[in-house]
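Chains as they are written, first to last, in the UniProt record's numbering: chain G, 1 to 185; chain U, 1 to 185; chain A, 1 to 185; chain H, 1 to 185. Positions of the beta carbon are idealized from the N, C-alpha and C atoms, including for glycine. Just so it is clear, the structure is predicted and the values come from calculations on it, not from any experiment.
Protein chains: 4
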Amino acid sequence: MSETLSTRDRLIANAARLFQERGYHGVGVAEILAASSAPKGSLYYHFPNGKADLALAAADWASVQLLHILDDAFADARDFQDGITTLCFKLAKLFDLSDHWRTCPISSILFEAPENVMFRDKTRTIFDDWIAAVAAKGREHGLEKSHADQLAEAIWITLQGAWNLARARKSADPIRKIPGLVFGA
Amino acid sequence: MSETLSTRDRLIANAARLFQERGYHGVGVAEILAASSAPKGSLYYHFPNGKADLALAAADWASVQLLHILDDAFADARDFQDGITTLCFKLAKLFDLSDHWRTCPISSILFEAPENVMFRDKTRTIFDDWIAAVAAKGREHGLEKSHADQLAEAIWITLQGAWNLARARKSADPIRKIPGLVFGA
Amino acid sequence: MSETLSTRDRLIANAARLFQERGYHGVGVAEILAASSAPKGSLYYHFPNGKADLALAAADWASVQLLHILDDAFADARDFQDGITTLCFKLAKLFDLSDHWRTCPISSILFEAPENVMFRDKTRTIFDDWIAAVAAKGREHGLEKSHADQLAEAIWITLQGAWNLARARKSADPIRKIPGLVFGA
Amino acid sequence: MSETLSTRDRLIANAARLFQERGYHGVGVAEILAASSAPKGSLYYHFPNGKADLALAAADWASVQLLHILDDAFADARDFQDGITTLCFKLAKLFDLSDHWRTCPISSILFEAPENVMFRDKTRTIFDDWIAAVAAKGREHGLEKSHADQLAEAIWITLQGAWNLARARKSADPIRKIPGLVFGA
DNA sequence: CATGAATGAGCGTTCATTCAT
DNA sequence: AATGAATGAACGCTCATTCAT
Numbered sequence: 001m002s003e004t005l006s007t008r009d010r011l012i013a014n015a016a017r018l019f020q021e022r023g024y025h026g027v028g029v030a031e032i033l034a035a036s037s038a039p040k041g042s043l044y045y046h047f048p049n050g051k052a053d054l055a056l057a058a059a060d061w062a063s064v065q066l067l068h069i070l071d072d073a074f075a076d077a078r079d080f081q082d083g084i085t086t087l088c089f090k091l092a093k094l095f096d097l098s099d100h101w102r103t104c105p106i107s108s109i110l111f112e113a114p115e116n117v118m119f120r121d122k123t124r125t126i127f128d129d130w131i132a133a134v135a136a137k138g139r140e141h142g143l144e145k146s147h148a149d150q151l152a153e154a155i156w157i158t159l160q161g162a163w164n165l166a167r168a169r170k171s172a173d174p175i176r177k178i179p180g181l182v183f184g185a
Numbered sequence: 001m002s003e004t005l006s007t008r009d010r011l012i013a014n015a016a017r018l019f020q021e022r023g024y025h026g027v028g029v030a031e032i033l034a035a036s037s038a039p040k041g042s043l044y045y046h047f048p049n050g051k052a053d054l055a056l057a058a059a060d061w062a063s064v065q066l067l068h069i070l071d072d073a074f075a076d077a078r079d080f081q082d083g084i085t086t087l088c089f090k091l092a093k094l095f096d097l098s099d100h101w102r103t104c105p106i107s108s109i110l111f112e113a114p115e116n117v118m119f120r121d122k123t124r125t126i127f128d129d130w131i132a133a134v135a136a137k138g139r140e141h142g143l144e145k146s147h148a149d150q151l152a153e154a155i156w157i158t159l160q161g162a163w164n165l166a167r168a169r170k171s172a173d174p175i176r177k178i179p180g181l182v183f184g185a
Numbered sequence: 001m002s003e004t005l006s007t008r009d010r011l012i013a014n015a016a017r018l019f020q021e022r023g024y025h026g027v028g029v030a031e032i033l034a035a036s037s038a039p040k041g042s043l044y045y046h047f048p049n050g051k052a053d054l055a056l057a058a059a060d061w062a063s064v065q066l067l068h069i070l071d072d073a074f075a076d077a078r079d080f081q082d083g084i085t086t087l088c089f090k091l092a093k094l095f096d097l098s099d100h101w102r103t104c105p106i107s108s109i110l111f112e113a114p115e116n117v118m119f120r121d122k123t124r125t126i127f128d129d130w131i132a133a134v135a136a137k138g139r140e141h142g143l144e145k146s147h148a149d150q151l152a153e154a155i156w157i158t159l160q161g162a163w164n165l166a167r168a169r170k171s172a173d174p175i176r177k178i179p180g181l182v183f184g185a
Numbered sequence: 001m002s003e004t005l006s007t008r009d010r011l012i013a014n015a016a017r018l019f020q021e022r023g024y025h026g027v028g029v030a031e032i033l034a035a036s037s038a039p040k041g042s043l044y045y046h047f048p049n050g051k052a053d054l055a056l057a058a059a060d061w062a063s064v065q066l067l068h069i070l071d072d073a074f075a076d077a078r079d080f081q082d083g084i085t086t087l088c089f090k091l092a093k094l095f096d097l098s099d100h101w102r103t104c105p106i107s108s109i110l111f112e113a114p115e116n117v118m119f120r121d122k123t124r125t126i127f128d129d130w131i132a133a134v135a136a137k138g139r140e141h142g143l144e145k146s147h148a149d150q151l152a153e154a155i156w157i158t159l160q161g162a163w164n165l166a167r168a169r170k171s172a173d174p175i176r177k178i179p180g181l182v183f184g185a
């Protein structure tokens, strides 16, 4: 990650990436610190509650990244289906670039953390925010609210499942086939 | 778990349950041993390669459980959609009973394990076996092969995604709504 | 080792070789059993006191081997110095063949064992027996008893030291230079 | 060991002594930590590669001790033989004080360690350094270089072998008789 | 605002041994 | 005479965290 970022931001970005690859328990704080070129004690300066705090911040950061990708996908979209198709191809490309491994950063980070009410609540919030953002894109392209909400949730569910299958098959095909599944063949 | 099971089987069943709840790295072998009333060294007698071996065996065991649930769901099914609906309600009930936490045992066990070729290969095999089993049910109820295959894969993707959303929302509703998504409202 | 040996003899021969390479604590009974194609429980049938018993038997066996090499070296010896020179070249060759690692089997086995009176006593007995055997060769070739005894002890001391230096230098040269040291250049 | 030493130095000194007594595999890190009044994790702070790192540091430390003993022995030496005689008597006394057990610390530490290229290389380096230091003493007392080198190597070989025999016999006599062997009776 | 030395509970694993058969 | 399943203490090591500076 760029050296122009602050120590705090480097910790967050590296934590997000590493957790996405190997899960909350699969990555030690020492590895995150080393990847961020941060000294041992600095984690607890920036995140007083330690690893859990950092994971929550990393999930927030990853959520913002996902919303940026959504916005980019819809920047030149002719209609809703076109925007979603672009989105899926963007996510598929990222997946291909990650050795067919990095899937949903939120699920990767938060579902593997200790069964903690704060972790689960944040997951729900981020999921719902993303679904709402997709639904908003639908309404912007003329869909009725209830239809947009339904489609957005279906897209999110399908994306989550496609990520899992793509990871198992080492292939982004399931991600690219999402529009076909959601909008009909 | 029942005391009538062998030490090996108790280890597998407890490992499957605990990994499903907190992931491969989130559960220590000491906890699995304690839950199984097995002494420390017996794990390595039954599973010479240790925790990784046990996780693979637990994934196999969980896969068999999932296939049994599928068979049960189709025992009295009028048609394919009826069988899938029963299946989803059975899975939703299990999810409710687990404090809204236990989702796909295969993903829970194998995606959180070390990024190991053997783990990913087994995930793909079990996923594909399950999809093939669902497709077979489809053909038994008169569906054409290509249609059955497509539907089975769509069902699996949707189930995986619905499990994720259900866990975030502490509600089995997404699981119960799978038939509506896959077969059309 | 040959399959014609009894389980007991295979255990002894493999234990002697493995202890010689990595010391008493450096080799586990499981490895000795595996190398001997012997079942897990059979060690305690043949050696009721376990690993320590086996190590004592292995040291005895190695001692007999060393005495055989001594006899071979003196079979055609013109005089005492000639016999010792042949002996050193034989030992140097064995050392070369062992990747420059296997030195005195007795020291390797017994000095690394737990500080046990039985282990130390056996070491002394085997050392003294070997020195006495060399002294006997001296007397057979006309040396006076006191001179033969002194030379034999000097040879043994020099051989032990040369083995150490040879191991550190990955070269049998120190072993081949023993006659020059003991008999004068 | 003195409480005024740093944790790191206490670890090294205790490790050197314990390894010298029972070999690399014969001493557990827990015992070294306990002897050093150091907590479990501190070993890996000071020696990131753990037990192997500590053994290498202990060998270096022991090497320095041996060179100090050499310097002390030659502080008031009339000639080379006198210095070597003093050295042997000093080493014999240390051997007597150790319950006739502690011999060459370098061999004790490094030959019993895993067959690792780094361990063997360090053994050779320390051996050669010690031989060179003895040869330097010889030249300081008027010996020609080639003669000094030969004598130094012979002294080292004889010392190693004498240590082995002394240990087996529970007697420092072989160590005290080294000058007679090397310089002629 | 930042650091790195220090901590001890816990990690997955290996150990020599025992025992019922 | 021989076996392999079972055992739990001990192994070397990693962990997230604390704290004095």
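Using a Cβ-Cβ distance under 7 Å, would GLU144 of chain G count as near chain U?
The residue labelled residue 144 of chain G in the question sits at position 144 within the first sequence. Chain U, which has no Cβ nearer than 7 Å to the Cβ of GLU144 of chain G, makes this no.
Between THR4 of chain A and chain H, is any beta-carbon pair separated by less than 7 Å?
As a position in the third sequence, residue 4 of chain A is number 4, starting the count at 1. Output row for THR4 of chain A: interface = no.
Using a Cβ-Cβ distance cut-off of 7 Å, determine whether PHE74 of chain H contacts chain A.
Position 74 of the fourth sequence, counted from the start, is the residue given in the question as residue 74 of chain H. No, PHE74 of chain H does not count as interfacial toward chain A.
Looking at chain A, is there any beta carbon in it that lies within less than 7 Å of the beta carbon of THR86 of chain H?
Taking the first residue of the fourth sequence as position 1, residue 86 of chain H is located at position 86. By this cut-off, THR86 of chain H is not an interface position.
List the residues of chain G whose Cβ lies closer than 8 Å to the Cβ of ARG120 of chain U, in chain order.
Walking along the second sequence from the start, residue 120 of chain U turns up at place 120. The answer, in chain order, is ARG167, ALA168 and LYS170.
By Cβ distance below 8 Å, which residues in the same chain neighbour THR7 of chain A in space, the five residues on each side in sequence not counted?
Taking the first residue of the third sequence as 1, we reach residue 7 of chain A at position 7. Closer than 8 Å at the Cβ level, and outside the excluded window around THR7 of chain A, lie SER36, ALA38, SER42 and HIS46.
ALA57 of chain H and ARG176 of chain H: beta carbons closer than 7 Å?
Counted from its first residue, the fourth sequence places residue 57 of chain H at position 57. Counted from its first residue, the fourth sequence places residue 176 of chain H at position 176. Not closer than 7 Å, so no.
Whole angstroms are fine: how far does the CA of LYS40 of chain A sit from the CA of ALA30 of chain A?
For the purposes of this step, residue 30 of chain A is identified with residue 30 of the third sequence, where counting begins at 1. For the purposes of this step, residue 40 of chain A is identified with residue 40 of the third sequence, where counting begins at 1. Approximately 7 Å between the Cα atoms of the pair.
Would ASN14 of chain G pass as an interface residue toward chain U - the criterion being a Cβ-Cβ separation below 7 Å?
Taking the first residue of the first sequence as 1, we reach residue 14 of chain G at position 14. No, no contact with chain U.
Can we say the region 162–171 of chain A touches the region 101–121 of chain A, given the rule of at least three CB pairs closer than 8 Å?
yes
With a 10 Å radius around its C-beta and 16 neighbouring C-beta atoms as the bar for buried, classify VAL182 of chain A as buried or exposed.
Your numbering for residue 182 of chain A matches position 182 in the third sequence. Looking at its Cβ environment, which holds 16 or more other Cβ atoms inside 10 Å, VAL182 of chain A is buried.
Is the CB of MET1 of chain U under 7 Å away from at least one CB in chain G?
Reading the second sequence from its first residue, position 1 is the one you call residue 1 of chain U. A caution first: MET1 of chain U carries a pLDDT of 43, below 50, which makes its placement in the model too unreliable to give a value.
Segment contact flag, the region 141–150 of chain H with the region 133–143 of chain A, C-beta cutoff 8 Å, min 3 pairs
no
What separation, rounded to the nearest whole angstrom, lies between the Cα atoms of GLN81 of chain U and PRO174 of chain U?
Locating residue 81 of chain U in the second sequence gives position 81, where the first residue counts as 1. Locating residue 174 of chain U in the second sequence gives position 174, where the first residue counts as 1. Roughly 17 Å between the two C-alpha positions.
Have a look at ASP53 of chain G and ILE157 of chain G and give me their C-alpha separation to the nearest angstrom.
The sequence position of residue 53 of chain G within the first sequence is 53, counting from 1. The sequence position of residue 157 of chain G within the first sequence is 157, counting from 1. Approximately 27 Å between the Cα atoms of the pair.
Starting from CYS88 of chain A and walking both ways along the alpha helix (DSSP H), at which residues does that stretch end?
For this step, residue 88 of chain A is matched to residue 88 along the third sequence. Its alpha helix (DSSP H) spans residues 80–97.
For a contact defined as C-beta to C-beta under 7 Å, what are the partners of PHE111 of chain U on chain G?
Numbered from its first residue, the second sequence carries residue 111 of chain U at position 111. Those are ARG167, listed as they occur along chain G.
Identify whether HIS147 of chain A lies in helix, strand or coil by the three-state DSSP scheme.
On the third sequence, position 147 is the one that residue 147 of chain A refers to. Here HIS147 of chain A sits in helix by DSSP.
Is there a C-beta anywhere in chain H that falls below 7 Å from the one on residue 187 of chain A?
Absent from the structure is residue 187 of chain A, since the part of chain A shown begins at 1 and ends at 185.
Near ALA55 of chain U, what residues of its chain come up, given a Cβ to Cβ distance below 8 Å and the 5 sequence neighbours on each side ignored?
Here residue 55 of chain U corresponds to residue number 55 of the second sequence, with the count starting at 1. Cβ within range, chain order: ALA15, PHE19, TYR24, ILE109, LEU110, ALA113 and PHE119.
For SER63 of chain G and ASP129 of chain G, which I take to be in contact (beta-carbon distance under 8 Å), what is that distance rounded to the nearest angstrom?
In the first sequence, residue 63 of chain G corresponds to position 63, counting from 1. In the first sequence, residue 129 of chain G corresponds to position 129, counting from 1. Yes, SER63 of chain G and ASP129 of chain G are in contact; Cβ-Cβ is about 7 Å, under 8 Å.
Whole angstroms are fine: how far does the CA of GLY180 of chain U sit from the CA of THR85 of chain U?
As a working mapping, residue 85 of chain U is identified with position 85 in the second sequence. As a working mapping, residue 180 of chain U is identified with position 180 in the second sequence. Those two C-alpha atoms are separated by around 9 Å.
Where SER146 of chain A and ILE178 of chain A are concerned, what is the direct C-alpha to C-alpha distance, given to the nearest angstrom?
The residue labelled residue 146 of chain A in the question sits at position 146 within the third sequence. The residue labelled residue 178 of chain A in the question sits at position 178 within the third sequence. Spanning the two alpha carbons is a distance of roughly 21 Å.
C-beta atoms of LEU87 of chain A and ALA133 of chain A nearer than 7 Å:
Locating residue 87 of chain A in the third sequence gives position 87, where the first residue counts as 1. Locating residue 133 of chain A in the third sequence gives position 133, where the first residue counts as 1. For LEU87 of chain A and ALA133 of chain A, no; Cβs fall outside 7 Å.
So what does DSSP say about PRO105 of chain H, is it helix, strand or coil?
For the purposes of this step, residue 105 of chain H is identified with residue 105 of the fourth sequence, where counting begins at 1. PRO105 of chain H falls in the helix class under three-state DSSP.
Neighbour list for TRP101 of chain G in chain U, Cβ cutoff strictly below 8 Å
Position 101 of the first sequence, counted from the first residue, corresponds to residue 101 of chain G. Ordered by position in chain U, the residues that pass the 8 Å Cβ test against TRP101 of chain G are GLU115.
Is it buried or exposed, ARG78 of chain A, if we count other Cβ atoms within 10 angstroms and call 16 or more buried?
Counting from 1 along the third sequence, the entry for residue 78 of chain A is found at position 78. Classification of ARG78 of chain A: exposed, given that the 10 Å Cβ count is below 16.
Measuring only between beta-carbons, confirm whether ALA152 of chain H sits less than 7 Å from chain A.
Along the fourth sequence, one-based indexing puts residue 152 of chain H at 152. So, not an interface residue.
For the alpha helix (DSSP H) containing LEU43 of chain G, name the first residue and the last one.
In the first sequence, residue 43 of chain G corresponds to position 43, counting from 1. It spans 42–46 - the alpha helix (DSSP H) in which LEU43 of chain G sits, taken as one unbroken run.
Quick one: complete alpha helix (DSSP H) runs, 4+ long, within the UniProt domain "HTH tetR-type" (5–65) of chain A?
7–22, 29–35 and 42–46
Determine whether the Cβ of HIS46 of chain H lies closer than 7 Å to any Cβ atom of chain A.
Indexing the fourth sequence from 1 puts residue 46 of chain H at position 46. So, not an interface residue.
Closer than 7 Å to chain A by CB, HIS147 of chain H
Sequence index remark: in the fourth sequence, residue 147 of chain H carries index 147 (1-based). No, no contact with chain A.
DSSP on ASP121 of chain H, reduced to helix/strand/coil?
Residue numbering aside, residue 121 of chain H sits at position 121 when the fourth sequence is read from its first letter. Helix at ASP121 of chain H.
For a contact defined as C-beta to C-beta under 7 Å, what are the partners of HIS25 of chain U on chain G?
Walking along the second sequence from the start, residue 25 of chain U turns up at place 25. Going along chain G in sequence order, the residues near HIS25 of chain U (Cβ under 7 Å) are GLY23, HIS25 and GLY26.
Closest Cα partner of ALA135 of chain U within the set U:ILE126, U:ALA148 and U:THR125:
Taking the first residue of the second sequence as 1, we reach residue 135 of chain U at position 135. Comparing Cα-Cα distances from ALA135 of chain U to each of U:ILE126, U:ALA148 and U:THR125, the minimum goes to U:ALA148.
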